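**Q** In terms of full-length UniProt numbering, the sequence shown has 199 at position 199, counting the first letter as 1, and numbering is strictly consecutive.
Quick one: structure below, then a few questions.
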Amino acid sequence: MTGQGHASRQTDQGSILVEVRTVNNRGFKCTLRSSDALSGFDSRIETLARSLIHRGSVSLSILWKRPIAQSIPQIDQDVLQGYFRQLQAGRKALGDEQATIDLAQLAMLPGVVIQSQTDGRDNKELWDTIEQTIRDTFENLNSMREQEGAHMAETLLNDCDAIGRHVEEIQTLAPRCIEAYQTRLETKVQRLLAKHEVEVSKIDLLREVQIYADRADFSEEITRLASHLKMIRGVIRGSAEVAKDPEPTGRKLEFIVQELLRETNTIGSKASDTDISAHVVEIKCAIERMRELVQNLE
């Protein structure tokens with residue numbers, strides 16, 4: 001599911017700015033961009049993101065703006081003065097009192113400039129701020145995703161209703177398949193009998209029709225289709241049982257939609273009626289739309 005969110009927090013250690021964007025993906029993929037000073041938190045940040053969202057390609061950006069006093073490298077005055085005194089002594093020893101001492105060059109000597117050592121790795125207060133800001137960001141993200149999810153759920157329910165109507169039509173047409181087969185069989189048999197002057201009892205014909213009827217019976221598939229549709233509606237509407245299930249809704253719906261397609265294919269292979277075949281095609285189209293949607297649901 002697509003969406004975006006952002007949040008920020010201000011503390012004595014500076015400001016934390018977090019932005020997140022998500023696009024559709026069957027699995028979970030996180031791309032993290034953060035300040036170099038926060039690199040020690042990368043694994044914890046990705047673990048937190050994975051706990052807050054189960055599906056989608058996630059682009060997460062975290063910026064730490066520290067106070068100027070913390071972000072500017074410091075000069076070690078003792079080391080600088082030590083270098084300066086040694087250079088003065090060296091200048092005197094060489095007898096060149098006019099030689100200049102360049103402070104800019106001194107600053108490049110080892111130990112003069114002290115880079116900030118704060119990478120935040122062991123800073124619990126900083127991590128707490130980052131964690132809460134990330135959670136706030138994902139709350140904003142979920143608000144947007146919920147709107148998209150509501151629209152997707154409505155579309156899925158509409159497809160369920162459409163499939164249900166086609167299933168009802170198939171149930172109505174099912175007896176016609178047997179009657180049509182019996183008519184075709186009787187016509188063929190009568191044509192052959194007339195040609196070869198042989199008689200076949202009505203019982204034998206009915207027995208053959210019954211064998212076909214048993215082989216072409218798809219009432220069990222119809223029952224399972226109705227059960228799967230009911231299950232999909234229950235998952236989408238968030239029944240109490242589903243709410244307690246840790247399995248992501250999208251993945252659960254994927255499995256059910258696969259079963260829908262399996263039952264529909266079986267009906268299509270058993271039915272020899274062109275009208276039923278047309279309904280089967282429409283059901284498959286609806287299932288394909290559902291399959292594409294549920295792959296992106298959380």
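For glycine and all other residues, C-beta sits at the position ideal for the given N, C-alpha and C.
These numbers come from a predicted model, not from an experiment.
(1) Nearest by alpha-carbon distance to Val257: which of Asp102, Ile287 and Asp12 is it?
(2) Considering only DSSP beta bridges, list what Thr11 is partnered with.
(3) Does DSSP put Gly95 in a helix, in a strand, or in coil?
(4) Within the continuous alpha helix (DSSP H) that includes Thr100, where are the two ends?
(5) Rounded to the nearest angstrom, what separates Lys124 and Val113 at their Cα positions?
(6) Which word fits Ala240, buried or exposed, when buried means at least 16 other C-beta atoms lie within 10 angstroms of its C-beta?
(7) To the nearest angstrom, report how far apart Glu148 and Ala162 are at their CA atoms.
(8) Rounded to the nearest angstrom, how far is the Cβ of Leu32 from that of Glu46, given a contact under 8 Å?
(9) Out of curiosity, what's the CA-to-CA distance linking Glu139 and Lys284?
(10) Given Asp12, which residues of its chain have a CB within under 6 Å of its CB, disregarding the five upstream and five downstream residues?
(11) Run through DSSP, which three-state label would Gln88 get?
(12) Below 6 Å CB to CB, which residues in the same chain sit around Gln74 once its five sequence neighbours on both sides are set aside?
(13) Which residue or residues does DSSP assign as beta-bridge partners of Lys124?
(14) Excluding the five sequence neighbours on either side, which residues of its own chain have a C-beta within less than 6 Å of the C-beta of Phe218, listed in chain order?
(15) Measure the Cβ-Cβ separation of Val235 and Thr249 and say whether it is below 7 Å.
(16) Less than 6 Å between C-beta atoms, sequence neighbours within five positions excluded: which residues of the same chain meet that for Val23?
(17) Express the C-alpha separation of Arg66 and Arg291 in angstroms, rounding to a whole number.
(18) List the residues that DSSP assigns as beta-bridge partners of Arg31.
(19) Quick one: give me the first and last residue of the alpha helix (DSSP H) that Arg251 is part of.
(20) Going by CA-CA distance only, name the one from Ala107, Leu253, His228 and Ala7 that's closest to Thr264.
(21) One question on the structure: do Ile53 and Thr129 come within less than 7 Å of each other, judged by their Cβ atoms?
(22) By Cβ distance, which residues of its chain are closer than 7 Å to Trp64, with the 5 residues on each side in sequence left out?
(23) Which residue or residues does DSSP assign as beta-bridge partners of Glu19?
(24) Comparing C-alpha positions only, which one of Ala174, Glu254 and Gly238 sits nearest to Glu220?
(25) Using the C-alpha atoms, what's the distance from Gly111 back to Asp96?
(26) Considering only DSSP beta bridges, list what Gln74 is partnered with.
(27) Are the beta-carbon atoms belonging to Ala49 and Thr137 less than 7 Å from one another?
**A** On the basis of the coordinates in this document:
(1) Answer by Cα proximity: Ile287.
(2) DSSP output for Thr11 lists Gly14 as bridge partner(s).
(3) Look at Gly95 here: in three-state DSSP terms it is coil, with no helix or strand label.
(4) It is not in any alpha helix (DSSP H) - Thr100 carries neither H nor E in the DSSP assignment.
(5) Each residue's alpha carbon lies about 27 Å from the other.
(6) Low local confidence applies: a pLDDT of 35 at Ala240 is under 50, so the model's placement there is unreliable, and no value is given.
(7) Between Glu148 and Ala162, the C-alpha separation is close to 21 Å.
(8) Rounded, the Cβ-Cβ distance is 6 Å, consistent with contact.
(9) Distance between the alpha carbons of Glu139 and Lys284 is about 36 Å.
(10) Once the five neighbours on either side are set aside, Asp12 has no close Cβ partner at all.
(11) For Gln88, the three-state secondary structure derived from DSSP is helix.
(12) Cβ within range, chain order: Ile114.
(13) DSSP links Lys124 through a beta bridge to no other residue.
(14) In its chain, beyond the 5 residues on either side, Ile267 and Lys270 have a beta carbon closer than 6 Å to the beta carbon of Phe218.
(15) Between Val235 and Thr249, the C-beta spacing is below 7 Å.
(16) Counting only Cβ-Cβ distances below 6 Å, and skipping sequence neighbours, we find Thr2 and Ser57.
(17) Taking the straight line joining both Cα atoms gives about 47 Å.
(18) Note that residue 31 corresponds to Thr in the displayed sequence, not to Arg. According to DSSP, Thr31 bridges with Ser59.
(19) Run containing Arg251: Thr249 to Lys270, per the alpha helix (DSSP H) assignment.
(20) The shortest Cα separation from Thr264 among Ala107, Leu253, His228 and Ala7 belongs to His228.
(21) No.
(22) Beyond the five residues adjoining it in sequence on each side, Trp64 comes within less than 7 Å, by CB distance, of Gly14, Ile16, Ser35, Ala37 and Leu38 in the same chain, given in chain order.
(23) Beta-bridge partners of Glu19 (DSSP): His6 and Ser61.
(24) Among Ala174, Glu254 and Gly238, the Cα nearest to that of Glu220 belongs to Ala174.
(25) For Asp96 and Gly111, the distance between alpha carbons rounds to 27 Å.
(26) Answer is Ile114, bridged to Gln74.
(27) For the 7 Å CB-CB criterion, Ala49 and Thr137 do not form a contact.
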